[in-house]
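Shown next, in structure tokens, is the structure this report addresses.
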């Protein structure tokens with residue numbers, strides 16, 4: 009599908025252009041010496057970190073304290089605090105305490121918030137190139153997503169944020185978004201005409217339009233009541249949110265179409281980042297890498313548990329066959345026609361990285 013879309017987009021661009029990585033004693037001695045040197049270097053780094061300026065930083069997230077991503081961010085803050093001997097204290101504000109994502113993203117750019125977790129849907133309103141990670145069916149599974157994020161593509165994308173006074177320091181798993189509805193959906197035709205709540209960004213609206221749904225703008229904290237009262241007939245989100253927000257109670261049908269598999273981006277205000285010493289930046293990067301690994305473990309465990317719990321709560325989880333998934337993917341052609349051209353270089357790089365050419 010992706011290869012076909014890429015070829016189709018390349019063709020469209022062509023038309024447009026025409027129109028205008030057993031021990032000996034000696035070995036043991038060398039190992040001991042190396043260990044001593046490493047310990048000395050570690051001690052020097054710790055001393056350097058402890059001698060810098062003390063600071064308290066605000067980290068904003070809209071997710072609850074017991075959410076996998078928030079738990080990982082707390083571990084990130086703890087590691088930074090420990091490795092700087094308490095000099096850098098990162099305070100995590102979960103559950104939208106500092107506003108919703110749009111509000112605290114704006115605060116991040118001018119320094120009222122120092123660090124933030126931002127979804128692709130939100131951050132791409134600022135940095136349009138990040139929309140590529142939100143294209144429907146750009147990834148078949150989370151393994152493909154992480155292969156791309158851990159390549160030069162992921163690194164280069166984070167650099168794009170510097171233009172907006174933001175330093176991207178890593179990614180976390182935001183899961184696979186799937187539709188939940190008040191009535192059974194087992195094929196594309198079942199979705200047509202349904203009033204579906206989606207994130208209020210152009211890409212998501214274009215996706216639901218292509219599927220024949222009626223998009224409805226509802227605030228995240230109002231979705232449950234909107235479904236309950238019939239304002240909408242469903243929405244779309246990952247399995248963990250489907251459970252944690254109790255959406256399975258009012259929309260008991262969940263189809264594993266996995267239309268969007270995307271990351272969250274962990275961002276630092278660029279002025280704050282530039283004020284850190286090289287040693288402190290290294291501490292941040294190492295702590296973020298550890299937090300990402302921890303979050304991925306927590307996330308995968310949580311998804312399995314969430315799907316089991318919603319089933320126990322009465323929800324029906326439907327896994328479509330390949331033909332049905334292909335039908336959903338084929339319906340995305342207008343989305344790629346609209347957004348693909350300006351993202352074509354990124355799409356090509358992703359397809360090359362994944363061997364889809």
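Residue numbers (the numbering used here): 9 to 365.
Glycine included, each C-beta is placed from N, C-alpha and C at the ideal position.
Less than 7 Å between the C-beta atoms of residue 167 and residue 122, yes or no? At a Cβ-Cβ threshold of 7 Å, residue 167 and residue 122 do not count as neighbours.
Kindly indicate the opening and closing residues of the alpha helix (DSSP H) around residue 161. Residue 161 -> alpha helix (DSSP H) spans 160 to 168.
Take the Cβ of residue 277 as the centre, count every other Cβ of all protein chains shown within 10 Å, and call the residue buried at 16 or more, exposed below. Per the 10 Å Cβ criterion, buried.
Assuming residue 209 and residue 159 form a contact by the criterion Cβ under 8 Å, report the distance between their Cβ atoms to the nearest whole angstrom. Actually they are not in contact, since the Cβ atoms of residue 209 and residue 159 sit about 25 Å apart, beyond 8 Å.
By the 10 Å Cβ neighbour count, where 16 or more other Cβ atoms means buried, how is residue 139 classified, buried or exposed? Answer is buried; the Cβ neighbour count reaches 16.
Does the stretch 244 to 254 come close enough to the stretch 100 to 118 to have 3 or more Cβ pairs within less than 8 Å? Not touching, per the Cβ criterion.
Give me the Cα-Cα distance between residue 358 and residue 272, rounded to the nearest whole angstrom. Approximately 18 Å, taken between the alpha carbons.
Inter-residue spacing [alpha-carbon to alpha-carbon] between residue 62 and residue 284: For residue 62 and residue 284, the distance between alpha carbons rounds to 11 Å.
Under 7 Å between the Cβ atoms of residue 268 and residue 76? No, these two residues do not count as a Cβ contact at 7 Å.
Strand pairing of residue 76, partner residues [DSSP]: Looking at the DSSP output, residue 76 sits in no beta bridge, so it has no partner there.
On the CB-based measure, 16 or more other CB atoms within 10 Å of its CB, does residue 142 come out buried or exposed? It is buried - the Cβ of residue 142 has at least 16 other Cβ atoms within 10 Å.
Tell me the DSSP secondary structure of residue 129 in three-state form. Residue 129: helix per DSSP, three-state reduction.
Measuring straight from C-alpha to C-alpha, what distance separates residue 314 and residue 290? Those two C-alpha atoms are separated by around 35 Å.
In the structure shown, what three-state DSSP assignment does residue 97 receive? DSSP, reduced to helix, strand and coil, places residue 97 within a strand of the structure shown.
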